[in-house]
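S.K.: Under our numbering, residue 460 is the last one in the sequence shown; the count climbs by one each step, no gaps.
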Amino acid sequence: MIIKYVSKLPAIACLMLMGCVDERVADQPATVDTGEIEVERETNRPGSAATHGAALKPYFGELHVHSQNSVDAYTTGVRVTPEDAYRYARGEPINHISGQTVQAAQAIDFMAVTDHSEYLGVLPTLPDPSGPLSATGVAREILSGDAERARAAMMKVVLTMGTNPPAPVKELLDPAVRKPIWQSYISLADEYYEPGVFTTLVGYEWTSIPDSRNLHRNVIFRGTRVPELPFSSFDSDKPEDLWQWLDQVRVEGSDVMAIPHNSNVSDGLMFELTDSWGKPMDLAYAEARMRNEPIVEVTQIKGSSETHPALSPADEWAGFEIMGELLGGSRIGAINGSYAREAYLNGIKLQAEQGFNPYKFGLIGASDSHNATVPVEENNYTGKIGRVDGTAKIRLGGSFINSSNLMYSASGLAGVWAESNTRETIFDALKQKRAFATSGPRIPVLLFAGDYPAEMPAG
2 MIIKYVSKLP AIACLMLMGC VDERVADQPA TVDTGEIEVE RETNRPGSAA THGAALKPYF
62 GELHVHSQNS VDAYTTGVRV TPEDAYRYAR GEPINHISGQ TVQAAQAIDF MAVTDHSEYL
122 GVLPTLPDPS GPLSATGVAR EILSGDAERA RAAMMKVVLT MGTNPPAPVK ELLDPAVRKP
182 IWQSYISLAD EYYEPGVFTT LVGYEWTSIP DSRNLHRNVI FRGTRVPELP FSSFDSDKPE
242 DLWQWLDQVR VEGSDVMAIP HNSNVSDGLM FELTDSWGKP MDLAYAEARM RNEPIVEVTQ
302 IKGSSETHPA LSPADEWAGF EIMGELLGGS RIGAINGSYA REAYLNGIKL QAEQGFNPYK
362 FGLIGASDSH NATVPVEENN YTGKIGRVDG TAKIRLGGSF INSSNLMYSA SGLAGVWAES
422 NTRETIFDAL KQKRAFATSG PRIPVLLFAG DYPAEMPAG
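#1: Any idea what DSSP makes of G451, helix, strand or coil?
#2: Start and end of the alpha helix (DSSP H) containing L189?
#3: CA-CA distance, M19 and E354?
#4: Are there 16 or more other CB atoms within 10 angstroms of the CB of G366, so buried, or fewer, so exposed?
#5: Since I believe P59 is in contact with N70 (beta carbons under 8 Å), could you give me their beta-carbon distance rounded to a whole number of angstroms?
#6: Which residue spans inside the segment 102 to 169 form an unbroken alpha helix (DSSP H) run of at least 4?
#7: Quick check: the Cα distance between F111 and H97, rounded to an integer number of angstroms?
#8: Note down the Cα distance separating A411 from T439, rounded to an integer number of angstroms.
#9: Smallest Cα separation from K361: which of Q245, I349 and D369?
#10: Could you give the first and the last residue of the continuous alpha helix (DSSP H) run that contains W427?
#11: So N293 and A106 are in contact, right, with Cβ under 8 Å, and what is the actual spacing, rounded?
#12: Could you pull out every residue in the same chain whose Cβ sits closer than 6 Å to the Cβ of A86, ignoring the five residues on either side in sequence?
#13: Apply the 10 Å Cβ neighbour rule to R332 and answer buried if 16 or more other Cβ atoms are within range, or exposed otherwise.
#14: With three or more beta-carbon pairs closer than 8 Å as the criterion, would you say the segment 183 to 203 touches the segment 147 to 154?
#15: Going by CA-CA distance only, name the one from V81, S213, E142 and L414 that's closest to L160.
#16: Quick check: what's the CA-CA separation for S191 versus S255?
#17: With a Cβ-Cβ cutoff of 8 Å, do R63 and A415 count as a contact?
#18: What span of residues does the alpha helix (DSSP H) with V250 cover, start to end?
#19: So what's N96 in DSSP terms, helix, strand or just coil?
#20: Using 8 Å as the threshold, is the C-beta distance between S237 and L243 below it?
#21: In chain order, what residues of the same chain lie with their CB nearer than 8 Å to the CB of T102, ignoring the 5 residues before and after it?
#22: Measuring alpha carbon to alpha carbon, tell me which of E379, H117 and I323 ends up nearest H217.
#23: Spell out the partners DSSP gives G363 in its beta bridges.
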């Protein structure tokens, strides 16, 4: 592609400036104006960045946040809704489990509320004696009046997601209950969508976690024409089956992608060199993965998934926010196959030796907040999930499921270069990998790796 700078700022300023604006203005990102970049491209080439002659701007957003509709959030006392998440993202105050009102110092440009698809929104319906699932065994335990019995019942539900294979509580999976809950995400996204000011994307989290090894993906739709129900790990905990479902969704007219996260706690599964059944990768596997997973979430509250000191011993920053324990603090996970930088190298090797590369992905950051907040500010940190780490006192003084609460850290955001702040342009920027990860600071980043016109001087 051909890059032409039309801003009066020098190119280096586009890389280094950061700041904020006081008011939300249509089509202006919630950052300092770093100028526009006019991109001209050859439309017949793969990987082209934007429509011919379009000006790109940096936008920052959150594609990984949870509400009370996620089973783990509800179990830890979270009582905020998807609507609260949108309100917080727009800069409005919301309630927090600590009893305080919390508010972001700066609004963001786009958001997807990605509650876990497994038991999506079911637990909040159980305490209602007149609710559709009030006769279930779990509901009876919750309504018993014994707080410990209620919590134990909810934790039992949560833990069914981590078995291999998953063993769901089937009485909580009534489609008649789940469909209206899922459809409410679509109507709410439309209600809060303000093109040019704040973009809402419909999404959810596919929560595959065999034997505490994280294979989670956030599924993000381009529009609001989506299936009646999400594909969950109860349908299959194999990524290949998720990709097949995503392919079918596209056939039916809706573009969609999956964004893996927390490869750092996958025990080497996320970027292994075989498929889910232990068979060697081939061209079809690589194409399916890249078609469905063009982006990877590389930093968030549960640490960095970029690299590890054992993989990058010469990199003095390789130890930045490393979280070695698998989810639940069960054990230390494998390093190989768990980090993006190694995956890049393995992909290059596969391309050279076998002619395909399943790891040509772009990067974003996110938070994985389960409090409907976007906790990326160190001086305004709202915690990860409910009463587990909802206050500084709890974070400093306890443990939860054998894991120190201090392992969590404020991070991160997704940055994209897009023509404007709309669903289509934000989604397309992600799909075309015009994206970057930040652990929180809103620094617009551009990386050029060649493909310059012959007349442009080097250096």
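We treat Cβ as the ideally placed atom computed from N, Cα and C, and that holds for glycine. A quick note: this is a predicted structure, and the numbers were derived from the prediction, not measured.
M.R.: Per the coordinate set shown:
#1: coil
#2: In the DSSP annotation of this structure, the continuous segment of the alpha helix (DSSP H) that includes L189 starts and ends at P176 to Y193.
#3: With a pLDDT of only 26 at M19, under 50, the local geometry of the prediction cannot be trusted, and no value is derived from it.
#4: buried
#5: Their Cβ separation, rounded to whole angstroms, is 31 Å, which puts N70 and P59 out of contact at 8 Å.
#6: 138 to 143 and 148 to 160
#7: 21 Å
#8: 11 Å
#9: I349
#10: Here residue 427 is Ile; the residue named in the question, Trp, does not match the sequence. Segment R424 to K432, the alpha helix (DSSP H) holding I427.
#11: Rounded, the Cβ-Cβ distance is 35 Å, inconsistent with contact.
#12: V66, S68, V114 and A373
#13: exposed
#14: no
#15: S213
#16: Note that residue 191 corresponds to Asp in the displayed sequence, not to Ser. Cα to Cα, D191 sits roughly 16 Å from S255.
#17: One point to set straight first is that residue 63 is Glu, not Arg, in the sequence displayed. Yes.
#18: Its alpha helix (DSSP H) spans residues P240 to V252.
#19: strand
#20: yes
#21: P94, I95 and N96
#22: H117
#23: I296
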